[in-house]
Amino acid sequence: MLQIAYIRQNKDKAIERLKIKNFNASELIESIIQKDEQKRKIKSDLDSVLSSQNNIAKEIGLLYKGGKKEAAEQKKEETKLLKQKEKELSDLFDNLEEEINSLIVQLPNTPHELVKPGKTSEDNEIVIEEKIESLGNEFRPHWEICERLKIIDFELGNKITGAGFPVYRNHGAKLQRALINFFLDEATNEGFEEQQVPLFVNEDSAYATGQLPDKEGQMYHIGVDNFYLIPTAEVPITNIFRDVIIEKDKLPIKYVGYTPCFRREAGSYGKDVRGLNRLHQFDKVEIVQIDTPENSYQRLEEMRNYVCKLLSKLGLHYRVLRLCGGDISFTSAMTYDMEVYSKGQDRWLEVSSVSNFETFQSNRLKLRYRDEERKTQLLHTLNGSALALPRIVASILENNNTKDGVIIPKCLTKYTGFEIIKY
RNA sequence: GGAGAGAUGGCAGAGCGGUUUAAUGCGGCGGUCUUGAAAACCGUUGUGGGUAACACCACCGGGGGUUCGAAUCCCUCUCUCUCCGCCA
């Protein structure tokens, strides 16, 4: 959520920036500013009414103490009008506040200056491409390989739960566990502190990171207890810092967590959902950073480089895209997507997305630090996948397939205990 | 799941209808003293809104109510603790 003060002071700039996201904000922003002005006017009127009431109450207290009962009773009369006024003003105030809030949540985050205009993913800018020779030579879609090796069973998942809930079996399960451990160990070596967090969150948490109110349909909801299944570890990990003021010397915060993720993916279909490409439940290792506005873009670059390093170690041909205005998410100011070229499907698969949200999340989280003058300021939050498991598994299977089996990347063998999954 | 108790500032903990814009202690920060440190002493120390700066307003788990006036009384929700039951 953008800050009201920012909108007020940078109206034209905000409108200009949001055009990059193909979002015409002028009407919305005008309306917000106008209502905000009204709101502040009413607030000051309301405050003076409350102030009068406080004073009268104090006087009445003193009169009673002095035994002047009649005078006190008379004073009470004076509050009648004030109370009525208070009711009117506070109703107005509440309504305005609600209206402003409902408008302001419709505004996307303003993109960073480096984010270029564009309509679709076609317009994303390729920042880096690292072509790494694959270990395999027989390229097939991973679902065929899985079936032959009996390592991931989609049908079985259908029986137990439904589509999008595969069962990883035998070497498939081990490969997955190896990857999780590899990612966690790498992140720890890079200075990220490991966290294990709840897989369900309450409404407040879902709201704070922006899943609610607009993306409600993407989450699984447990009605009796009013919990949401997390769509990403970003939600619980970032919410560690809800309503927190961090001392500057504790920054940057670098956290990593492994969790399963749950997404309803309503409306998805076709080749995008085949096999491991899109699931309702999948595993992911997520990295989160929190730092000051001055440092946050340096942190973003670090995270990007870190993810690239992982992909290199895995021996996967990858590229890094800086998302254009049309493709970047609602909440992000700048996003890099990492894609891996998967030979069996002959397509690029998105395996990571690292973003700087600037103050868009911290504003709702009320996540702040104290600056040199001991004043509180909003922090910048960043996060990224490092990495999402299913598509990594898919591309390892597809790129490393040989007639004898799938070759395990060198960096993983100490975790798997085997070097090849044999036919 | 049953019964009871409770939720107050960074922490501990008083206050149970009117100089409380919350006592006191610890911790933090600044200072005096000291070669330096400790101790002692003095001062200071929540968040948000608002203002040029003050004033002023809101906040004692969340929401609602009673009252001229609520941390304090009532209703409701959430959470925590103790005992019992169940249980990985």
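Under our numbering, think of the first position of the first sequence as -3, with each following residue one higher. Cβ coordinates follow ideal geometry from the N, Cα and C atoms, glycine included.
Inset, instruction - Please name the residue in S117, E121, L208 whose C-alpha comes closest to that of V101. - result: Sequence index remark: in the first sequence, residue 101 carries index 105 (1-based). Taking only the C-alpha atoms, the option nearest V101 is L208.
Legend entry - Assigned secondary structure, E261 (DSSP; H/G/I helix, E/B strand, else coil): As a first step, residue 261 is located in the first sequence; it is residue number 265 there, counting from the start. DSSP places E261 in coil when its eight states are reduced to three.
Inset, instruction - Starting from R387, trace the alpha helix (DSSP H) both ways and give me its first and last residue. - result: On the first sequence, residue 387 is found 391 positions in, with the first residue counted as 1. Counting along the chain, the alpha helix (DSSP H) containing R387 begins and ends at 385 to 395.
Inset, instruction - List the whole-angstrom C-beta distance separating M421 from S351, where the pair is believed to meet the contact cut-off of C-beta under 8 Å. - result: Since the displayed the chain opens at -3 and closes at 419, residue 421 lies outside it and no answer follows.
Legend entry - Runs of beta strand (DSSP E) wholly within the segment 230 to 296 (minimum 3 residues, chain order): 240 to 242, 249 to 258, 277 to 287
Legend entry - Separation of C304 from D119, as counted between CA atoms: As a position in the first sequence, residue 119 is number 123, starting the count at 1. As a position in the first sequence, residue 304 is number 308, starting the count at 1. Each residue's Cα considered, the two are about 21 Å apart.
Inset, instruction - Could you tell me which of K406, Y216, S348 sits nearest to L195, measuring between CA atoms? - result: As a first step, residue 195 must be located in the first sequence, where it is residue number 199. That would be Y216, whose Cα lies nearest to the Cα of L195.
Legend entry - Local Cβ density within 10 Å of I392, reported as buried at 16 or more and exposed below that: Mapped onto the first sequence, residue 392 falls at position 396. When all chains shown are included, I392 counts as buried.
Inset, instruction - Can you tell me the Cβ-Cβ gap for L317 and Y293, rounded? I've got them flagged as a contact below 8 Å. - result: Locating residue 317 in the first sequence gives position 321, where the first residue counts as 1. Locating residue 293 in the first sequence gives position 297, where the first residue counts as 1. With a Cβ gap of about 17 Å, L317 and Y293 do not count as contacting.
Inset, instruction - Write down every uninterrupted run of the alpha helix (DSSP H) in the segment 86 to 163 whose length is 4 residues or greater and which is fully enclosed by it, in chain order. - result: 138 to 145, 150 to 156
Inset, instruction - Give me the Cβ distance between I416 and G401, rounded to the nearest whole Å; I'm assuming they're in contact under 8 Å. - result: As a working note, residue 416 is residue 420 in the first sequence. As a working note, residue 401 is residue 405 in the first sequence. Indeed they touch by this definition, with Cβ atoms about 5 Å apart.
Inset, instruction - Out of N198, N185, Y164, L361, point me to the one whose CA is closest to A390's CA. - result: Translated into the one-based positions of the first sequence, residue 390 becomes position 394. Per the Cα distances, Y164.
Inset, instruction - Compare the beta carbon distance of Q191 and I141 with 8 Å and say whether it is the shorter of the two. - result: Numbered from 1 along the first sequence, position 195 holds the residue referred to as residue 191. Numbered from 1 along the first sequence, position 145 holds the residue referred to as residue 141. Not a contact, by the Cβ cut-off of 8 Å.
Legend entry - Which listed residue (L378, D268, N397, T184) has its alpha carbon closest to that of A328: The sequence position of residue 328 within the first sequence is 332, counting from 1. This sequence places Ser at residue 328; Ala is not what is there. Comparing Cα-Cα distances from S328 to each of L378, D268, N397, T184, the minimum goes to L378.
Inset, instruction - Just mark D279 as buried or exposed, buried being the case when its beta carbon has 16 or more other beta carbons within 10 Å. - result: One-based indexing of the first sequence puts residue 279 at position 283. Under this definition D279 is a buried residue.
Inset, instruction - Determine the contact status of H313 and S130, defining contact as a CB-CB distance below 8 Å. - result: One-based indexing of the first sequence puts residue 313 at position 317. One-based indexing of the first sequence puts residue 130 at position 134. In this structure, S130 lies closer than 8 Å to H313 by Cβ.
Inset, instruction - In the DSSP assignment, find the unbroken beta strand (DSSP E) run with V347 in it and report its ends. - result: In the first sequence, the residue the question calls residue 347 occupies position 351. Unbroken beta strand (DSSP E) run through V347: 343 to 352.
Inset, instruction - Please state if the CB of I324 and the CB of P107 are separated by a distance shorter than 8 Å. - result: For the purposes of this step, residue 107 is taken as the residue at position 111 of the first sequence. For the purposes of this step, residue 324 is taken as the residue at position 328 of the first sequence. The answer is yes: Cβ separation under 8 Å.
Inset, instruction - Quick one: grab the DSSP three-state call for K418. - result: In the first sequence, the residue the question calls residue 418 occupies position 422. Reduced to three states, the DSSP call for K418 is strand.
Legend entry - Y302, buried or exposed, once every other Cβ within 10 Å from all chains shown has been counted against 16: In the first sequence, counting from the first residue as 1, residue 302 sits at position 306. It is buried - the Cβ of Y302 has at least 16 other Cβ atoms within 10 Å.
Inset, instruction - Measure the Cβ-Cβ separation of H167 and L272 and say whether it is below 8 Å. - result: Stepping through the first sequence from its first residue, residue 167 is reached at position 171. Stepping through the first sequence from its first residue, residue 272 is reached at position 276. No, Cβ-Cβ distance for H167 and L272 is not below 8 Å.
Inset, instruction - Answer yes if the segment 253 to 264 comes into contact with the segment 144 to 152, meaning at least three C-beta pairs across the two stretches below 8 Å, and no otherwise. - result: no
Inset, instruction - Report all residues from its chain with a CB closer than 6 Å to the CB of N395; omit the five preceding and five following residues, and keep chain order. - result: Position 399 of the first sequence holds residue 395. Cβ neighbours of N395 beyond the five flanking positions: S130, G132, K339.
Legend entry - Three-way DSSP call (helix, strand, coil) for F196 in this model: For the purposes of this step, residue 196 is taken as the residue at position 200 of the first sequence. The answer is strand: DSSP assigns F196 an E or B state.
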